[in-house]
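These protein sequences, in sequence, are chains A and B.
Everything in the first sequence is counted per our numbering, starting at 1 for the first residue and increasing by one.
Everything in the second sequence is counted per our numbering, starting at 1 for the first residue and increasing by one.
Beta carbons: idealized from backbone N, C-alpha and C, even for Gly.
Below: one structure, written as structure tokens.
Number of protein chains: 2
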Amino acid sequence: MTAQPFPTTCPIPLQQYPHVLMAHGGGGRFMHQLIEHMFLPAFGTHPAGQHDAARLDLPHGRLAFTTDSYVVSPLFFAGGDIGAMAVYGTVNDLAMAGAKPLYLSLGFILEEGLPMETLWRVVQSIQTAAVRAGVAIVTGDTKVVERGKGDGLYINTAGVGSIDHPWQITPKSVQAGDVILLSGDIGRHGIAIMAQREGLGFETTLESDLAPLSEAVQALLAAGLELHCLRDLTRGGLATALNEIAIAAHLAIELDEPRIPICEAVQGACEILGLDPLYVANEGRFIAIVPESQADAALEILQAMCPTSPDCSAQQIGRVKPPTSLDNFSVLQGMVTLRHAIGSARMLDYISGEQLPRIC
Amino acid sequence: MTAQPFPTTCPIPLQQYPHVLMAHGGGGRFMHQLIEHMFLPAFGTHPAGQHDAARLDLPHGRLAFTTDSYVVSPLFFAGGDIGAMAVYGTVNDLAMAGAKPLYLSLGFILEEGLPMETLWRVVQSIQTAAVRAGVAIVTGDTKVVERGKGDGLYINTAGVGSIDHPWQITPKSVQAGDVILLSGDIGRHGIAIMAQREGLGFETTLESDLAPLSEAVQALLAAGLELHCLRDLTRGGLATALNEIAIAAHLAIELDEPRIPICEAVQGACEILGLDPLYVANEGRFIAIVPESQADAALEILQAMCPTSPDCSAQQIGRVKPPTSLDNFSVLQGMVTLRHAIGSARMLDYISGEQLPRIC
Chain A
1 MTAQPFPTTC
11 PIPLQQYPHV
21 LMAHGGGGRF
31 MHQLIEHMFL
41 PAFGTHPAGQ
51 HDAARLDLPH
61 GRLAFTTDSY
71 VVSPLFFAGG
81 DIGAMAVYGT
91 VNDLAMAGAK
101 PLYLSLGFIL
111 EEGLPMETLW
121 RVVQSIQTAA
131 VRAGVAIVTG
141 DTKVVERGKG
151 DGLYINTAGV
161 GSIDHPWQIT
171 PKSVQAGDVI
181 LLSGDIGRHG
191 IAIMAQREGL
201 GFETTLESDL
211 APLSEAVQAL
221 LAAGLELHCL
231 RDLTRGGLAT
241 ALNEIAIAAH
251 LAIELDEPRI
261 PICEAVQGAC
271 EILGLDPLYV
281 ANEGRFIAIV
291 PESQADAALE
301 ILQAMCPTSP
311 DCSAQQIGRV
321 KPPTSLDNFS
331 VLQGMVTLRH
341 AIGSARMLDY
351 ISGEQLPRIC
Chain B
1 MTAQPFPTTC
11 PIPLQQYPHV
21 LMAHGGGGRF
31 MHQLIEHMFL
41 PAFGTHPAGQ
51 HDAARLDLPH
61 GRLAFTTDSY
71 VVSPLFFAGG
81 DIGAMAVYGT
91 VNDLAMAGAK
101 PLYLSLGFIL
111 EEGLPMETLW
121 RVVQSIQTAA
131 VRAGVAIVTG
141 DTKVVERGKG
151 DGLYINTAGV
161 GSIDHPWQIT
171 PKSVQAGDVI
181 LLSGDIGRHG
191 IAIMAQREGL
201 GFETTLESDL
211 APLSEAVQAL
221 LAAGLELHCL
231 RDLTRGGLAT
241 ALNEIAIAAH
251 LAIELDEPRI
261 PICEAVQGAC
271 EILGLDPLYV
281 ANEGRFIAIV
291 PESQADAALE
301 ILQAMCPTSP
311 DCSAQQIGRV
321 KPPTSLDNFS
331 VLQGMVTLRH
341 AIGSARMLDY
351 ISGEQLPRIC
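Below you can see the structure in the form of structure tokens.
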């Protein structure tokens, strides 16, 4: 993606077309206007982009490939919007495979009647985020559904990245004795969204943590560190991510509660709302599971790369243990325990549903 | 994708969970049940599939990459459904780049309250289509939106394919003198959908042409034929596809109307409905633009690979001409002309919107 300037005002005449019409998804002149005047100036600078499919020349054939749809509500929130999220969310999934994110696809599902200005704001945000994350948007698609069959707009992005490291970065590589590093404080994204949605009034001070994580991962790899597993903390939060890893690795995980960074605003909001911050969604935090011998070096890099306020920066939050002797029926429970400051412990279970719908 | 048998009845207990709940998109236990019991048995057989991103080892780094969202209504129609369409549509976009389709991503946006049985039918259809098209579904995502914020289900697929041919298959490679081949009769998909949606009563005899096109393209490439441009005829139909190519190539296109195969049922329905079949959507037809010297060989392959009824099979339907001497203001019009049997001609313009919304 070349960071070329593109129009700062909406290139579709808003007096004539103030809203998205069904025809904007119809494959005819209206759709081509949208593509020609809005999407191509924003994204179409990459030579690989073509009509049916982008043609990519990668250095080799070791790739990571991922997808996510984004249905977050509201579309714009403190610290981000659905457009930036659609870029960073998919970039982060590639980063968690240790891949260098290179190319994104972009699929819009627009609701008839969406203000054209809203679409334009989202397109600008996608363009800015793609430049920041160093990815090119090389192929796309636009569909329009009737009023009442969508919710403004939904986005799908898929991502392709190249894998240039020798590691198997997966829960199966996790070993007893490994340590768990967390890249920053948790819960900001979920609480920022909920505050805004429910009008709780503290939205001015709390912003989503939405951010690309690929730079931090590339820094860990560039330092030659042996990465066993990486996982970004999205839906379901820290507790769900660790449960998934523990189950896949057939190992237990023990966390030190006092070491888990949570800022005061999130802590306070969670108390008011009756939420457990360990289950609240994030969009710019990840855990790295590494051999104990590499923990200090990795932590130093994370603390430098993912700066938050001093009391909320990257921490070593726990360690991996041999599997607990549970029978088969309880294998989905009790794999992750949280050790409190006073010495007691509780199990961190999988949640059944979600604390907050449409968080991403 | 290994064609392994997977459950023939819905693996989610329907008495307990007859409908999709918001929690099925929440990242917790409900979502993991759906993934574990329904999606992984259907798609999860490929070793590349992993949590955040699939790891792919391709023979080299020359790739095609594409995406499409599918919002077709109704979800099930004569000759296909949204699931098969989500596979073949994206496979066909890869094929039009001359790529061999290899891997798909799969993103669901489900509406709360969708019958679980409906999701299961779609999943089965996707699995069958993926096996038929020879692609593996290696990564996916599931979101659920509230009742009234969707329309049952929307699907996005992105696709990765490998490019193993030396050609630049793009409108820019088209030259005056090239001939235009059409792989079969047109209009079946659009008319089948409209018939079913409007209850026109002839839906029993007319089925969508929905089909994967990659085998036909691979056969053309295997024969060593020089392919200048390929284009599948989806939204906007044959006329829109040719307009796009003519504009991109800065050349004119002349079609022989009597040579364009249209079956009687489509012709009759178009007359009743006041539609022009040249603008009606297809999901299993494409045009190949080749040098005149290769036309006969290519046509023979297409007629063998894309069998329809004898009067509706692949045809040479026209040729590429030097650009007409139009001024700049009319450059978007009059590039494609249709020569009638009686010798008269008309211009085939870009349509403004679409004849039929949510056709794909």
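Buried versus exposed, by CB contacts within 10 Å (16 or more), residue i
{"i": "His165(B)", "result": "buried"}
{"i": "Pro322(B)", "result": "exposed"}
{"i": "Glu111(A)", "result": "buried"}
{"i": "His32(A)", "result": "buried"}
{"i": "Ala222(A)", "result": "exposed"}
{"i": "Ser310(A)", "result": "Sequence check: residue 310(A) is Pro here, not Ser. Label assigned to Pro310(A): exposed."}
{"i": "Gly343(B)", "result": "exposed"}
{"i": "Ile272(B)", "result": "exposed"}
{"i": "Met347(B)", "result": "exposed"}
{"i": "Arg231(B)", "result": "buried"}
{"i": "Pro13(A)", "result": "exposed"}
{"i": "Met1(A)", "result": "In this predicted model, Met1(A) has a pLDDT of only 37, less than 50, meaning its place in the structure is not dependable enough to derive any value."}
{"i": "Pro261(B)", "result": "buried"}
{"i": "Phe329(B)", "result": "Here the model assigns Phe329(B) a pLDDT of 41, short of 50, so the residue's position is not dependable and the matter cannot be decided."}
Listed by chain order, chain A residues near residue i by CB distance under 9 Å
{"i": "His60(B)", "result": "Leu58, His60 and Gly61"}
{"i": "Thr45(B)", "result": "Under the 9 Å cutoff, chain A gives no residues; its nearest Cβ is about 16 Å from Thr45(B)."}
Secondary structure of residue i, DSSP reduced to three states
{"i": "Glu271(A)", "result": "helix"}
{"i": "Ala249(A)", "result": "helix"}
{"i": "Pro323(B)", "result": "coil"}
{"i": "Leu302(B)", "result": "helix"}
{"i": "Asp349(B)", "result": "coil"}
{"i": "Gln218(B)", "result": "helix"}
{"i": "Asn328(B)", "result": "At Asn328(B) the pLDDT is 45, less than 50, meaning the model places this residue with poor confidence and gives no usable figure here."}
{"i": "Gln175(A)", "result": "coil"}
{"i": "Gly184(B)", "result": "strand"}
{"i": "Ile35(B)", "result": "helix"}
{"i": "Leu40(A)", "result": "helix"}
{"i": "Leu206(A)", "result": "coil"}
{"i": "Phe6(B)", "result": "coil"}
{"i": "His19(B)", "result": "strand"}
Amino acids of chain A, ordered along the chain, whose beta-carbon sits closer than 7 Å to that of residue i
{"i": "Thr139(B)", "result": "Phe65, Thr66 and Thr67"}
{"i": "Ala99(B)", "result": "Ala53"}
{"i": "Ile163(B)", "result": "Arg55"}
Residue i: contacting residues in chain B (beta-carbon distance under 7 Å)
{"i": "Leu94(A)", "result": "Ala53"}
{"i": "Lys149(A)", "result": "Gly150 and Asp151"}
{"i": "Ser173(A)", "result": "Neighbours of Ser173(A) on chain B: none; closest Cβ ~11 Å, over 7 Å."}
{"i": "Tyr154(A)", "result": "Ile109"}
{"i": "Val71(A)", "result": "Ile109, Lys143 and Val145"}
{"i": "Thr240(A)", "result": "Gly27 and Gly28"}
Per-residue contacts from residue i into chain A (C-beta, under 8 Å)
{"i": "Val160(B)", "result": "Leu63, Phe65 and Val160"}
Beta-carbon gap between residue i and residue j smaller than 9 Å
{"i": "Ala130(A)", "j": "Phe43(A)", "result": "yes"}
{"i": "Lys375(B)", "j": "Val71(A)", "result": "There is no way to answer for residue 375(B), as the model of chain B reaches only from 1 to 360."}
{"i": "Leu106(B)", "j": "Ala84(B)", "result": "no"}
{"i": "His250(A)", "j": "Pro291(A)", "result": "no"}
{"i": "Ala9(A)", "j": "Gly89(A)", "result": "At residue 9(A) the sequence reads Thr, which differs from the Ala that was named. No. Outside cutoff."}
{"i": "Val160(B)", "j": "Leu94(B)", "result": "yes"}
{"i": "Asp209(A)", "j": "Arg285(A)", "result": "yes"}
{"i": "Gly184(A)", "j": "Leu302(A)", "result": "yes"}
{"i": "Leu63(B)", "j": "Arg55(A)", "result": "yes"}
{"i": "Met96(B)", "j": "Ala53(A)", "result": "yes"}
{"i": "Met335(B)", "j": "Ile247(B)", "result": "yes"}
{"i": "Thr234(A)", "j": "Cys360(A)", "result": "yes"}
{"i": "Asp57(A)", "j": "Gly98(B)", "result": "no"}
{"i": "Ala136(B)", "j": "Tyr103(B)", "result": "yes"}
{"i": "Ser73(A)", "j": "Arg358(A)", "result": "yes"}
{"i": "Asp68(A)", "j": "Leu75(A)", "result": "no"}
{"i": "Leu242(A)", "j": "Ile287(A)", "result": "yes"}
Paired residues, beta bridge with residue i - DSSP
{"i": "Lys143(B)", "result": "Ile109(B)"}
{"i": "Thr170(B)", "result": "Looking at the DSSP assignment, Thr170(B) forms no beta bridge with any residue, so it has no partner."}
{"i": "Lys100(B)", "result": "Ser162(B)"}
{"i": "Tyr403(B)", "result": "Nothing can be reported for residue 403(B): it is not among the residues displayed for chain B, which extend from 1 to 360."}
{"i": "Gly318(B)", "result": "Ile180(B) and Leu255(B)"}
Interface residues of chain B facing residue i [CB-CB closer than 9 Å]
{"i": "Arg346(A)", "result": "Those within 9 Å of Arg346(A) in chain B number zero; the least Cβ separation is about 18 Å."}
Partner residues on chain B for residue i, Cβ-Cβ distance less than 8 Å
{"i": "Ser105(A)", "result": "Phe65, Thr66, Thr67 and Ala158"}
CB contact below 9 Å: residue i versus chain C
{"i": "Glu244(A)", "result": "The structure shown contains no chain C; its protein chains are A and B."}
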